[in-house]
Each structure stands twice: as structure tokens, then as C-alpha cells.
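Counted from 1, the sequence shown has number 185 at position 56 by the working numbering; the numbering is strictly sequential. Cβ coordinates follow ideal geometry from the N, Cα and C atoms, glycine included. From a predicted model like this one, the values you see are computed outputs, not experimental measurements. Okay, so here's the structure we're looking at.
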Amino acid sequence: MATTSGISSISTYYQPAITFSGLGSSVDFDSIIKKLVEVESASKTRYESWKTEWNDKITALQTLNTKMSDFKAVAQGMDTLTKFVGKTATSSSTSVLTATASSSATSGTHQVLVNQLAQNQIMAHQGLSASTTVVNNSGSAKVFAFSYAGGAAVSISVANGATLADLAAAINSSGANPGVTATVLDMGASFGATRYRLQLQGNSTGSTNTITIDDALTTLDGTGSTENFESATFTQTQVAQNAQIRVDGYPPG
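Structure follows, in C-alpha cells:
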């Protein structure tokens, strides 16, 4: 015959032994949880700061490595003692004189006296009343001839009806031009009939770079309805000359 007394005793044996008596008390579990989260967040923040710091260090090291590589390349290019101990020269007045020094130059200070600067030759024609004045009205082409720096004479063909401005343009555009620039100068109204003047200017400095009008070949000579451009009609306005300097009193004089 079955009974139920055993079931009652088993039910009593498995009663839970742990109780949460505080659940009904005034304990603030929300605050506790928030504090725990804050502690964990602080740890995370420290790790993130540490990560950022080391990333910055890595970037700095990469930059340093690049600069060292650049320095290595420069150093490899300076493979001789001469390149490491190169000399320089300076001038107290660079508008007058500049200087360079080779690696074998002896260190020191030198006094340079510039007596005169090198310059090119400039000469000007006696002048006409206008830049549009016809210089050749003879009915046929004429010649204006000159030489430069001791070279062969160059003959410039001047067409019939050519003006003073045309003559300057013909000189400048000539493929045989040895280094002379022609310009028409406007001297101003006060010069009247000689207001516009053909200027010839050597392109190089030095006493040997002079301009010579070749009268034997020039047929723009003032005859036969032409204007005169022979040598006598030109005045030198600047002489061609070399520079003259003295270094530490040499040459004497």
C-alpha cells in the first residue's frame, strides 16, 4: 500500500539554502553597477591613451628613419674630404664684386679696389625729325654696313621707302648681326629736327667689342634721296672698356 510521506521529506530536503535578504533593503544597486562600469571605463581609457602614445612614438621613429636615410644619401655624395671642407667667398659689396673660392683656396681676407667697371660701347646717330622719316627714297635698295669686335663687315639691306624705325628693325632681325642692338631714341620735342636718333649698342663689354661703321660699303650716305648714316654722323656716347681692379695693391699704380 503506497504512501506520500516520502515525497514530503524530499521536498523539504531541497529547500534553497541561499537567500537574498538585501533585495528588500535600501541598498543602491544602480550606483554600485555604475561605479563598476566607471572603473572598467577608466581602465579602457588608460589602455587607449597608452595605445595613442605608442602610435605617436612609432610615427616619430618612422620620421627619424626617413631623415636618417636622407642624411645617409647626402653623406654618401660627400665622399671626399674636399667636399667636407669646401671654401666660400663673400663680398662686402655684391653690387660691385662677387667672388667664389675653390676647395684649395687659402683662408684669408683680401682687399679688392675696383677702379672702373667693364662696359659696352654705345653710339648714336645725329638724328632725324621722326621715327617715320624715310631714310631711303632713292627708288632702289641701299646698304648700311658695320662691323663689331673686329669681325667682318655686315651689310644690312635697306629697302626703298624704309623709315628710321625700319632701319633699326632690319639691323636687329638680320641673321648676320654679330651682336649689336639698334634702338630708335626719342630725345624729346626740344631736339626738333634731330629728336629721333638711331642708337647702336654692343651686346658685350670689353675694350675690343667696338662698333665700326663701314663707309666704303654704306650707300645710305646722304646722296640720291637718302639720309646720311656714314660714320661721321654717329657720336660715341659710351666707350667700350675693360674692368680695372687691384687685389691687395696689385697691380701697382
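> beta strand (DSSP E) containing A278: first to last residue?
Replying inline: In the DSSP assignment, A278 falls outside any beta strand (DSSP E), carrying neither H nor E.
> Taking contact to mean at least 3 C-beta pairs separated by less than 8 Å, is the stretch 362 to 379 in contact with the stretch 261 to 271?
Replying inline: Flag = no, the stretch 362 to 379 and the stretch 261 to 271 do not touch.
> Ends of the beta strand (DSSP E) at A294?
Replying inline: Run containing A294: none in the beta strand (DSSP E); it sits in the alpha helix (DSSP H), 293 to 302.
> Taking the alpha-carbon positions, what's the I162 to S170 distance?
Replying inline: Distance between the alpha carbons of I162 and S170 is about 12 Å.
> Excluding five sequence neighbours on each side, which residues of the same chain lie with their C-beta closer than 8 Å to the C-beta of H239?
Replying inline: Around H239: V376, D377.
> Roughly how far, in whole angstroms, is the beta-carbon of A345 from the beta-carbon of Q248, given that I think they are within contact range, below 8 Å?
Replying inline: Taking a contact as a CB-CB distance under 8 Å, the pair A345 and Q248 does not count as one, their CB atoms being some 29 Å apart.
> Hey, which unbroken runs of the alpha helix (DSSP H) at 4 residues or more fall wholly within the stretch 188 to 237?
Replying inline: If we require 4 residues or more, the alpha helix (DSSP H) runs fully inside the stretch 188 to 237 come out as 210 to 213.
>> Assuming contact is defined by CB atoms lying nearer than 8 Å, are G279 and T337 in contact in what I supplied?
In response: A contact, by the Cβ cut-off of 8 Å.
> Which residue from F200, Q365, G353 puts its Cα closest to that of G331?
Replying inline: The shortest CA-to-CA distance from G331 to any of F200, Q365, G353 is the one to Q365.
> Would you report the Cα separation of A311 and S360, rounded to the nearest angstrom?
Replying inline: Between A311 and S360, the C-alpha separation is close to 15 Å.
> Near A291, what residues of its chain come up, given a Cβ to Cβ distance below 8 Å and the 5 sequence neighbours on each side ignored?
Replying inline: So the qualifying residues of the chain are V263, V264, N265, A299.
>> Bridge partners for M252 per DSSP, in chain order?
In response: For M252, the pairing in a beta bridge is given by DSSP as L329, Q365.
> Rounded to whole angstroms, how far is the Cβ of R420 from the Cβ of H254, which I believe are closer than 8 Å?
Replying inline: Here the chain comprises residues numbered 130 to 382, so residue 420 is not present and cannot be evaluated.
>> I'd like to know whether the C-beta atoms of V272 and T348 end up nearer to each other than 8 Å.
In response: Contact: yes.
> Among A202, K216, T195, L246, which residue has its Cα nearest to the Cα of G335?
Replying inline: Of the candidates A202, K216, T195, L246, the residue whose Cα lies closest to the Cα of G335 is L246.
> Among T217, K164, S221, which residue has its Cα nearest to the Cα of T229?
Replying inline: The shortest C-alpha separation from T229 is found at T217.
> Once you ignore the five residues that flank F363 on each side, which residues in its own chain have a CB closer than 7 Å to its CB?
Replying inline: Apart from sequence neighbours up to five positions away, the residues of its chain that approach F363 with a beta-carbon distance below 7 Å are M252, A253, H254, I342, ordered along the chain.
> So, helix, strand or coil for R175, using DSSP?
Replying inline: Helix.
> Using the rule of at least 16 other Cβ atoms within 10 Å of the residue's Cβ for burial, across every protein chain shown, is V225 buried or exposed?
Replying inline: Exposed, since its Cβ has fewer than 16 Cβ neighbours within 10 Å.
> Going by the beta-carbon positions, is the gap between L293 and V309 smaller than 8 Å?
Replying inline: The beta carbons of L293 and V309 sit no closer together than 8 Å.
>> Tell me the rounded alpha-carbon separation between I285 and S319.
In response: Cα-Cα distance, rounded: 31 Å.
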